[in-house]
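Chains as they are written, first to last, in the numbering used here: chain E, 1 to 337; chain R, 338 to 454. First up is the structure itself, then whatever we jot down about it.
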Amino acid sequence: MELIDRYVYAVTQQLPEKQRTEIEKELRGLIEDMLEERTHGGSPSPKEVEDVLVELGNPSEMADRYRGSKRYLIGPGLFTSYISVLRIVWIAIGIALGVMFMIESIMDPTNVLDHFIDGIVSVVIGLTQGFAWVTVVFGILEYTGAQKARGKKTEQAWKPSDLPQLPQYKSRISPAEPIASIIFSVLFVVLFSYSTDLLGVWRFTDGERTVIPFFNTEVFSRFLPYIWILLAVGILKEIMKLNTRRWTTRLIGMEIAVTILYLIVAVLMFSDAAIWNADFMQQAVDSGLVTAGSEGYSTVNTVWENITEGLALIYLIGLVSMIQVISLIVKAYRNKA
Amino acid sequence: MDIQETIQSLTQELRRGTLVLCVLSQLSEPQYGYSLVSILEEKGLSIDPGTLYPLMRRLEKQELLVSSWDTNEARPRKYYQLSDLGMQVYQHLRQEWASLAEGVNRLMNGGEGYGAN
C-alpha cells in the first residue's frame, strides 16, 4: 500500500496546493476501484498494485494532464536563444578572468602558480554565476511570456500588426557591444573587490613598480555592495540585449534606468571626500613623481584638489550621463518612427 | 518509426478529439469516474482512467459538468453529471459530429476518394 501513497504523492505534489486534497481523494478512489475490479473484493497482492499503477502511467504525465499544461523553466520557444546567450556570457566571463590572470601574473610573476589556482577557482565561480544570472533572466522571460500568452487568448485575437518589426539596421545591436560590456563588468567586479589599490598612477623606476592609489581602500570598500548590484543589473541588461539583438523601447528604458543608477552611485561615492587617498600628493612626492614646490607639483595639486574636493568630477560624470540619456531618448524616437 | 507505431499514434489522435463527446453522451445520469470507464469499455470504447479523470475535472471547470461527493458508500466517490450548459453544448457537438462523420464518409466512399468501394 505504500506504493499507492507514493504514487498519489508523486502526482499531487506537482499540482497547485488547493487542488491537492480533492485530487488525492479522487485518485485513491480510482486506484481502489481498479484494484477491486481485479481482486473482486479480496485484498490485492503487491503485483496487482504495481500493475494498476503501471496502467495509470507516469505520475508526471498524470499531473500534466490534471494541470492541462506542461511546466517549463525555459520552454522550447526560448531554449535556443538561452543556449546561445549562455555560451556568449560564458565566453565573456572566461575572457575577462583570463585577462585578469594575465595582469596579475605580469605584475607579480613570482606567484604565478597561486594566481593560476585562484584563477581556476574564479573561473568555476564566475561560470556558475553566469549560468545563474542567464537562467534567472530567461526564467523571468518565460514566466512573463507564458502569463502574457495566457492573458492574450481571452483578451483579443492576434492581429498581423502584432508581428514584431524586422530588425532595422539602425536598431540592430551587434553582439560585440554587450559581450565587451560583460567582459568589462566582470573585470571591474574583480578589480574593485580585490585590487582597489591598483587604481592609481603607475610608476616604474629601475624595474621597481610603485602605484600611487587614487582611493582610500577602506572607504571605497563600503560602497562595494552598491557597485556589485549596479554591475549585476548592468550584466542583466546586457543579457537582455544579447537576447533581443535590437533596440526596443523597453531596452532603451532599461538602459536609461541603469545610466541613472550609475550616476546616483557615482555621486554618492564621489561626494564623500574620504573616499580619496588623503596622502596622494605626499606619496607622489615620495615616489619621485613630482618635486615638492615645483610648477608641476602645483599643477597636479590643483587638478587633484579640483577633482577630490570640488565638484569637477561629479559635473563631468553628470554631463556624460546626461548626454547618454539624451542620445538614448533620441534613439527611442528614431526607433519608433 | 514502423507502420504499427504510426497507425497507433494517429489513431490515438483521432480518438482524442472524440473523447469529450463520448464522456458527455454518458452523463445525463450521474456517474463516478471508474463507473464511466466501465460503461465506455462495455460499449467498445476503452479509455485510460488516467486520461478520463483529469478530463472530467476540466469539463467541470468549464462548467459543462457538475459534481457532488457521495460519502455514503464504503469509499467516497465524486459523481459527475451534465449541467444545463453541458447539455446544450452536448446537443451542438452531436450535430457537429453527425455532419463531420457524414462529410468524412462521403470523402472516403465518394467517387473521387482513394479506396472507394
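Ideal placement from N, C-alpha and C gives every residue a C-beta, glycine not left out. Remember, it's a predicted structure, so these values are computed and weren't measured experimentally.
- Here DSSP, grouped into helix, strand and coil, assigns residue 365 of chain R to coil.
- Using a CB distance below 7 Å, the part of the segment 55-66 of chain E facing chain R consists of 56, 57, 62, 65, 66, ordered along the chain.
- Residue 245 of chain E is a Cβ neighbour of residue 173 of chain E, given a cutoff of 8 Å.
- In this structure residue 189 of chain E is in contact with residue 228 of chain E, their Cβ atoms being roughly 7 Å apart against a cut-off of 8 Å.
- From the listed residues E/331, E/108, E/90, E/31, the smallest Cα separation to residue 128 of chain E is found for E/90.
- Scanning its chain for C-beta atoms nearer than 8 Å, with the 5 sequence neighbours on each side dropped, one finds around residue 66 of chain E the residues 11, 15, 19, 23, in chain order.
- Within the segment 209-237 of chain E, contact with chain R at the beta-carbon level (separation under 7 Å) is assigned to no residue.
- Distances from the CA of residue 28 of chain E to each of E/112, E/185, E/56 were compared; the closest alpha carbon is that of E/56.
- Close to chain E, meaning a Cβ-Cβ distance shorter than 7 Å, are the following residues of the segment 411-423 of chain R: 412, 413, 414, 415.
- Straight-line spacing of the CA atoms in residue 92 of chain E and residue 178 of chain E works out to 9 Å.
- Shown here, residue 295 of chain E sits in a helix according to DSSP, grouped into three states.
- Exclusion of the five residues before and after residue 300 of chain E leaves 290 as the residues of its chain whose Cβ lies within less than 6 Å of its Cβ.
- Cβ atoms of residue 234 of chain E and residue 186 of chain E stay farther apart than 8 Å, at about 11 Å.
- Taking 8 Å as the upper bound for CB-CB distance, residue 277 of chain E and residue 214 of chain E are in contact here, some 6 Å apart.
- For residue 233 of chain E, the enclosing alpha helix (DSSP H) covers residues 224-244.
- Less than 8 Å divides the Cβ of residue 267 of chain E from the Cβ of residue 314 of chain E.
- For residue 78 of chain E, the enclosing alpha helix (DSSP H) covers residues 76-107.
- At least one C-beta of chain R is nearer than 8 Å to the C-beta of residue 32 of chain E.
- Residue 261 of chain E sits in a helix when the DSSP states are folded into three classes.
- Per the coordinates, the alpha-carbon of residue 374 of chain R lies some 23 Å from the alpha-carbon of residue 1 of chain E.
- Residues of the same chain with a CB within less than 7 Å of the CB of residue 96 of chain E, apart from the 5 flanking positions on each side, are 183, 186, 187 in chain order.
- Ranked by how close their Cα comes to the Cα of residue 258 of chain E, the residues E/324, E/103, E/311 have E/324 in first place.
- Taking 7 Å as the Cβ-Cβ cut-off, the segment 350-372 of chain R approaches chain E at 370, 371, given in chain order.
- Judged by DSSP secondary structure, residue 173 of chain E falls outside any alpha helix (DSSP H); it is assigned neither H nor E.
- Using a Cβ-Cβ distance cut-off of 8 Å, the segment 410-429 of chain R and the segment 365-385 of chain R are in contact, since at least three pairs of beta carbons, one from each stretch, lie closer than that value.
- Restricting attention to beta strand (DSSP E) runs no shorter than 3 residues, the segment 401-449 of chain R encloses them at 402-407, 414-419, ordered along the chain.
- Residue 118 of chain E and residue 302 of chain E have their C-alpha atoms some 41 Å from each other.
- Judged by their CB atoms, residue 395 of chain R and residue 68 of chain E are nearer to each other than the 8 Å cut-off.
- DSSP places residue 213 of chain E inside the beta strand (DSSP E), whose first and last residues are 208-213.
- Interface criterion met: the Cβ of residue 68 of chain E is under 8 Å from a Cβ in chain R.
- Sequence-distant partners of residue 292 of chain E (beyond 5 residues in either direction) whose C-beta falls short of 8 Å from its own C-beta, in its chain, are 285.
- Residues of chain R whose Cβ lies closer than 9 Å to the Cβ of residue 29 of chain E are, in chain order, 369, 370, 371, 412, 413, 414, 415.
- Judged by beta-carbon spacing, residue 318 of chain E lies within the 8 Å limit of residue 263 of chain E, meaning their Cβ atoms are closer than that value.
- The C-beta of residue 387 of chain R comes closer than 8 Å to at least one C-beta of chain E.
- The residue among E/26, E/77, E/216, E/87 with its C-alpha nearest the C-alpha of residue 386 of chain R is E/26.
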